[in-house]
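Working notes for the structure below.
Protein chains: 4
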Amino acid sequence: MCRWLAYTGAPILMEELIFKPKDNLIQQSLHSKSPRTPTNGDGFGLGWYDKQPYPGLFRSIRPAWNDSNLRDLTSHIESHLFMAHVRATSLATIQETNCHPFRYKNWLFVHNGQIANFGQIHQALLAKVSSKYFENILGSTDSELMFHLALTFGLENDVPAAISEMVRTVEAAGKEKGVAESLWMTLGISDGESLWGFRYGSNGIGPTLYVSPDMVELRRLNPDLTGKLGDFAACLVSEPIGNYQDSWHAIADNSKIIIHNQRVEVSDFKP
Amino acid sequence: MCRWLAYTGAPILMEELIFKPKDNLIQQSLHSKSPRTPTNGDGFGLGWYDKQPYPGLFRSIRPAWNDSNLRDLTSHIESHLFMAHVRATSLATIQETNCHPFRYKNWLFVHNGQIANFGQIHQALLAKVSSKYFENILGSTDSELMFHLALTFGLENDVPAAISEMVRTVEAAGKEKGVAESLWMTLGISDGESLWGFRYGSNGIGPTLYVSPDMVELRRLNPDLTGKLGDFAACLVSEPIGNYQDSWHAIADNSKIIIHNQRVEVSDFKP
Amino acid sequence: MCRWLAYTGAPILMEELIFKPKDNLIQQSLHSKSPRTPTNGDGFGLGWYDKQPYPGLFRSIRPAWNDSNLRDLTSHIESHLFMAHVRATSLATIQETNCHPFRYKNWLFVHNGQIANFGQIHQALLAKVSSKYFENILGSTDSELMFHLALTFGLENDVPAAISEMVRTVEAAGKEKGVAESLWMTLGISDGESLWGFRYGSNGIGPTLYVSPDMVELRRLNPDLTGKLGDFAACLVSEPIGNYQDSWHAIADNSKIIIHNQRVEVSDFKP
Amino acid sequence: MCRWLAYTGAPILMEELIFKPKDNLIQQSLHSKSPRTPTNGDGFGLGWYDKQPYPGLFRSIRPAWNDSNLRDLTSHIESHLFMAHVRATSLATIQETNCHPFRYKNWLFVHNGQIANFGQIHQALLAKVSSKYFENILGSTDSELMFHLALTFGLENDVPAAISEMVRTVEAAGKEKGVAESLWMTLGISDGESLWGFRYGSNGIGPTLYVSPDMVELRRLNPDLTGKLGDFAACLVSEPIGNYQDSWHAIADNSKIIIHNQRVEVSDFKP
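Protein chains in written order, with my numbering: chain H, 2 to 272; chain F, 2 to 272; chain C, 2 to 272; chain X, 2 to 272.
Written out as structure tokens, the structure is:
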């Protein structure tokens, strides 16, 4: 199981969310409470937007907790929209190209979860990726392939529709191999303007996904942060961080969340 | 351009060929005389056979010349059949899974050269790999794909026939995209018993490939080595190593070499 | 807190102890039960003796559990005397030169524990290392410095006496800075013939250290292993591995163990 | 021999100097024309100032030419004062803590050159470092030790005086061991406000050091850059980069250069 967070709002140093909060992503990666994957030590990644046309990417196969470059970069780079991911796997190889986020032009993509029996449908799914996007696949994960299937299905024009078709495609490929319930996922996606989150399981139950409290609540809980966060700030996380963990709002199974123009909308996701 | 060597003969410490000779592979990797790729600093790999059922593999993305683990391993591991490879690329990502040798069960495979316009035919060639071998592809190089195409075409039963069909398949895929001359390669292949070498170019000109002098000449040139090399020893290299560089025998373009049962046979390779 | 094991006996593939036992070192490194250092993901190392004059060393800053080179090497290299170590630190930098074992000529050294307030006495202790050994210090850990102090104090001639003087020297340096109880350690040391283990704490309580059951018990517990282990085999571990964890014998605090000529001797260690 | 550059002026993306110019530092690192050290593939580092109190640092042991993180960071991070360094060594270990720049609080330090017979005086010089700075030494290079000696001798108050005393101290230590000419160096140093460069050899001949053409000349040579470089920009390099290599000004042997408040001053350096 992986962990991730995505932030959009007033520009902040990335360390404000990645290193400073209690039970932050890096602490979680080292002291996991999950019995299934006790440690997220199989690489990490950051993707951030700034005034450049495409987002920056920093990915490494070192554990996030002992990478001094990561600490320096997050304490020097400010961003109004960024994603971070820590990886745990017993499957695909540990290499930078298998670390999230994945990037295509102005798009970033992070994933937690997995495709069941991926080895059985990997080759068939690769064949469905448009040649336009194929050479942007650099690694061997189910996650990167899901991103490129979604690109093939029009992610750049309609995110929820493309993710729906990606889900249907994966599930259909699974069924051909006798796998009834193929997908188990949360996704974080951005084009640099909007931030999308998805929580889905083929069996109706996906991994957890949370959104931060609204600004009124945030200011009440963190009077000190008021200056830093400005008018609007929102964060998606696979598991709550910080001192007020009970204040995070769980996104329901089979739902999506869109954060755009300082507005947060949650709705059903029924592919 | 990459560099490689393959050895078969009496068991020797791998350093005897990799570090000790004048102008050895590691020296070549750092002080290349080639204007095209002045340095082979993009990873390396070793594969070696011993009494275990499958060969051992050690691959790293560090430059070979500054890896202290490599020096220790080659000065402690003896093998009667091994391969070493240093990589230079401006193309596929630097990651261990893109380092040679590639392995499937008891088979090892190294490659120097490239498929022209690989990006245009990568996806089509991947679709031709048998599902039996597909999940053994871990990286993104043309080299690893050539190996898995050859496996698909029966490498485990008939090496020259499978390599021929691989060559024809790659050239046909290239022609569909308007590429007249797709392949430029030397290959080193072993099953742990025999050692095969191939030199081929679609345009009739492949990268260089050399075989070591025969035993009579070797003993004359290296009286000191006589004890170490025993009854038989042969080595394939992309470029000559050692003090007697003029004594290496060039393998002609579009030829193959088979070393088996202490015999060396060179013949045409016309796919 | 780090973890380590050391083996001496009939030559075996290193994986027999490192990867195959239940709750082996690699499993322990990932699923630690210790609240203080939940994960040993900050590098690892192997040192092994064979017929070469000096032992081989393989050290890496990747977590041991996701290093495919480590898996291959331990399944191909046989040794009659070897050590393995997994590291967890919040202190010294993560780099290969800080990974155990440390080596000087035919000597290997592993350590678990720490010097309290090391930063305050680091420089003073460095000044006490003989210039003969100084340039063999490549990293920045307390462990490597302890080894080189012991070398300075005659480790090559009398191991317990040199370790005693090292302990007294560290404790005296600590006391000068007002630290009453400076040392907390287990050590594993070998010259390629004998294997020494030490358990010590300045306050009378050291980290745990265990020795494997004697051969009669081992054969009763593991009828299958009889062939592999030959006449004699013994293993020191920081924490028990395998199916019969209760059968390991704890070494008492402030004790040493010497395994030599197929004999195991435990005695007091009072520096 | 290493290579480095240091820039101060209008804020620019670091790639403008590190990747974009003809014969840039990265190209130089791969295609060296120096027979002594044909490749600078033994790690690299970046240090940059922004509005944070201390500079950021990014160091890696991968060759600079194949590090995709380096490319991304330099194309996303703007700085008004930064340094970059590529390393070639046959001596000290390849590890991040041996990569330049070295940092202490707001200070950065890069070095090209070496201390002759460093192994003979390493321990004696370490003993001269003030305990205040000692624990900031993380690696094992002569360069980092030179920086910490200079800190000990008052670098934070008077840069040329501290560098002079460091030089005298190293030369005296060398002479005690019979080394007549110990030092061969260029240095780049900054506190975030000013930039200092030194070129010195104990034998009167140091490695090369160049400063960029003045603004009038720069604008004439690069009409396109006028907008980017603003009122003032200056760059120190170990070897000229860009299209107008003959326009760089060589700093004479045993000289120093100070760039402060948009002024450039060159003067003698006679320690």
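A virtual CB, placed ideally from N, CA and C, is assigned to each residue, including glycine.
Residue i in three-state terms, based on DSSP
i	result
Leu-6 of chain C	strand
Asn-158 of chain X	coil
Asp-73 of chain F	helix
Ala-11 of chain X	strand
Asn-255 of chain H	coil
Ile-260 of chain X	strand
Phe-103 of chain C	strand
Gly-68 of chain C	Reading off the sequence, residue 68 of chain C comes out as Asp, not Gly. Note: Asp-68 of chain C maps to coil in three-state DSSP.
Phe-110 of chain C	strand
Ala-89 of chain X	coil
Leu-126 of chain C	helix
Ile-164 of chain X	helix
Gln-96 of chain C	coil
Leu-82 of chain X	strand
Glu-136 of chain X	coil
Ser-144 of chain C	helix
Closest by C-alpha distance to residue i, when choosing among the options
i	options	result
Asn-25 of chain F	F:Asn-244, F:Asn-99, F:Asp-68	F:Asn-244
His-77 of chain H	X:Met-2, X:Leu-58, X:Leu-146, X:Leu-230	X:Leu-58
Val-168 of chain X	X:Phe-154, X:Ile-258, X:Gly-179	X:Phe-154
Ile-116 of chain H	H:Ser-144, H:Glu-97, H:Ala-11	H:Ser-144
Lys-347 of chain H	H:Ala-125, H:Arg-63, H:Glu-157, H:Gln-124	The first residue shown for chain H is 2 and the last is 272, placing residue 347 of chain H beyond what the model contains.
Pro-64 of chain C	H:Arg-88, H:Leu-109, H:Met-216, H:Ala-163	H:Arg-88
Gln-263 of chain X	X:Gly-231, X:Glu-136, X:Val-238, X:Phe-270	X:Gly-231
Pro-12 of chain F	F:Ile-164, F:Gly-114, F:Leu-150, F:Glu-79	F:Glu-79
Phe-270 of chain X	X:Met-216, X:Gly-198, X:Asp-215	X:Gly-198
Lys-229 of chain C	C:Glu-16, C:Met-2, C:Cys-3	C:Glu-16
Ile-190 of chain C	C:Pro-161, C:Ala-174, C:Thr-170	C:Pro-161
Ile-164 of chain C	C:Lys-176, C:Glu-177, C:Leu-226, C:Leu-150	C:Leu-150
Val-111 of chain H	H:Ser-248, H:Val-238, H:His-250	H:Val-238
Trp-66 of chain F	F:Pro-214, F:Phe-20, F:Asn-99	F:Phe-20
Asp-159 of chain X	X:Lys-176, X:Cys-100, X:Gly-114, X:Asp-192	X:Asp-192
Contact list for residue i against chain X, beta-carbon separation under 9 Å
i	result
Ile-95 of chain F	Arg-63, Pro-64, Asn-67, Asp-68, Ser-69
Under 8 Å from the C-beta of residue i: neighbouring residues of chain H
i	result
Tyr-250 of chain F	Here the sequence assigns His to residue 250 of chain F, which means Tyr is not the residue at that position. None at all; the shortest Cβ gap to chain H is about 39 Å.
Neighbour list for residue i in chain C, Cβ cutoff strictly below 9 Å
i	result
Asp-269 of chain F	Chain C residues near Asp-269 of chain F: none, gap ~37 Å exceeds 9 Å.
Gly-120 of chain X	Phe-135, Glu-136
Chain-ordered chain H contacts of residue i [CB-CB under 9 Å]
i	result
Gly-44 of chain X	Chain H residues near Gly-44 of chain X: none, gap ~12 Å exceeds 9 Å.
Contacts that residue i makes with chain X (C-beta to C-beta distance below 7 Å)
i	result
Thr-40 of chain F	Leu-31, Thr-40, Gly-42
Ser-141 of chain C	Leu-139
Thr-292 of chain C	This structure does not reach residue 292 of chain C, given that chain C is present from 2 up to 272, and the question cannot be answered.
Ser-132 of chain C	Gln-124
Listed by chain order, chain X residues near residue i by CB distance under 8 Å
i	result
His-123 of chain C	Phe-135, Glu-136
Proximal chain C residues relative to residue i, where beta-carbon distance stays under 8 Å
i	result
Thr-90 of chain X	Result: empty, since nearest Cβ-Cβ is about 13 Å, beyond 8 Å.
Phe-59 of chain F	Asn-70, Asp-73, Leu-74
Asp-51 of chain F	His-77
Contacts of residue i in chain C (Cβ-Cβ under 7 Å)
i	result
Ser-165 of chain X	By Cβ distance, chain C contributes nothing, its closest Cβ being about 24 Å from Ser-165 of chain X, past 7 Å.
Beta-carbon neighbours of residue i, restricted to chain F and to distances below 7 Å
i	result
Ala-128 of chain H	Ala-128
Discussion item. Runs of 3 residues minimum, wholly inside the segment 179 to 247 of chain F: which ones carry the beta strand (DSSP E) assignment?
Written reply: 184 to 191, 196 to 202, 234 to 238
Discussion item. To test your reading of the DSSP string, which unbroken beta strand (DSSP E) runs of 3 or more residues are found completely within the segment 18 to 65 of chain F?
Written reply: 45 to 50, 57 to 61
Worksheet item: Below 8 Å, can you find three or more Cβ-Cβ pairs linking the segment 168 to 187 of chain X to the segment 218 to 231 of chain X?
Response: no
Worksheet entry | At least 3 beta-carbon pairs within less than 8 Å: the segment 129 to 138 of chain F vs the segment 97 to 112 of chain X | no
Item to complete: State whether the segment 252 to 260 of chain X contacts the segment 195 to 210 of chain X, with contact taken as three or more CB pairs (one from each stretch) at a distance under 8 Å.
Response: yes
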